[in-house]
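For reference, the structure discussed in these notes is given below.
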Amino acid sequence: MYVFDCRNAEEQSVARPDVQSGGVGRPKYLVSRDQLETLLEMNFSNKDIASMIGISVSSVKRRLQ
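Using full-length UniProt numbering, the letters of the sequence shown correspond one by one to residues 1 to 65.
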């Protein structure tokens, strides 16, 4: 699963989200609100973003609140 890292509008690269693990249950993907907002600005839908990152649409919406 990869996320676009667009810190510079002219330079687009692909970055893998960090994963926090070590506990019980599914690993937590560490995706910042800035990353999600950048993907929204690139006209990706919440559903597209969720699919790219490997999280639910509900998680995308919750992290954008």
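We treat Cβ as the ideally placed atom computed from N, Cα and C, and that holds for glycine.
With DSSP run on the structure shown, which of helix, strand or coil describes residue i?
i: V60; result: helix
Report the rounded CA-to-CA distance for residue i versus residue j, giving the unit in angstroms.
i: R63; j: S45; result: 14 Å
i: T38; j: Q65; result: 15 Å
i: A50; j: Q35; result: 12 Å
i: G23; j: I53; result: 20 Å
i: G25; j: I55; result: 14 Å
Start and end of the alpha helix (DSSP H) containing residue i?
i: Q65; result: Element bounds for Q65: n/a, residue is neither H nor E.
i: N46; result: 46-53
Do you know whose CA, among the options, lies nearest residue i's CA?
i: Y29; options: V19, V60, V57; result: V19
Tell me whether the beta-carbon of residue i lies closer than 8 Å to the beta-carbon of residue j.
i: K47; j: V31; result: no
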